[in-house]
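Residues in the sequence shown are numbered from 20 upward in steps of one, following the numbering used here.
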Amino acid sequence: YRGFRVAAGPGVEFAHEEAEFAVRVGASYEFEFGRFTVAPELAIDVATPSQTLIYGVSVGTRF
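Spelled out as structure tokens, the structure:
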């Protein structure tokens with residue numbers, strides 16, 4: 020699946036003057052329109068004790 024992407028990475032969440040370890044896992048599919056790309060994205064941040072769902076659209080260009 021040429022335009023399908025999966026990503027994962029560690030991070031730190033700062034809340035209430037505390038730092039918590041977090042992990043982001045996500046996926047997107049890139050559609051090409053000439054030199055430009057559009058990719059709907061969905062990810063989840065997992066940090067003890069909370070989880071956050073993130074969604075959006077990325078727009079890019081090739082050069």
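The beta carbon of each residue, even a glycine, is placed where N, CA and C say it ideally should be.
Exercise. I think Glu-51 touches Gly-75, with their Cβ atoms under 8 Å apart; what is that distance to the nearest whole Å?
Worked result: Counting from one through the sequence shown, the residue named residue 51 turns up at place 32. Counting from one through the sequence shown, the residue named residue 75 turns up at place 56. Beta-carbon to beta-carbon, Glu-51 and Gly-75 are separated by about 18 Å, too far to satisfy the 8 Å threshold.
Exercise. Got a sec? Which residues, its chain only, sit under 6 Å from Ala-26 by beta carbon, not counting five neighbours each side?
Worked result: Taking the sequence shown and counting its residues from 1, one reaches residue 26 at position 7. Gly-45, listed in sequence order.
For this session: Answer yes or no: do Glu-32 and Ala-66 have a C-beta to C-beta separation smaller than 8 Å?
Result: What you label residue 32 is simply residue 13 of the sequence shown in a count that begins at 1. What you label residue 66 is simply residue 47 of the sequence shown in a count that begins at 1. The Cβ-Cβ distance between Glu-32 and Ala-66 falls below 8 Å.
Exercise. Between Val-78 and the rest of its own chain, which residues show a CB-CB distance below 6 Å, the 5 nearest in sequence each way excluded?
Worked result: Locating residue 78 in the sequence shown gives position 59, where the first residue counts as 1. Excluding its 5 nearest sequence neighbours in each direction, Val-78 has C-beta neighbours in its own chain below 6 Å: Val-57, listed in chain order.
For this session: Could you check what DSSP says for Tyr-20 in three-state terms: helix, strand or coil?
Result: Your numbering for residue 20 matches position 1 in the sequence shown. Of the three classes helix, strand and coil, the one that applies to Tyr-20 here is coil, per DSSP.
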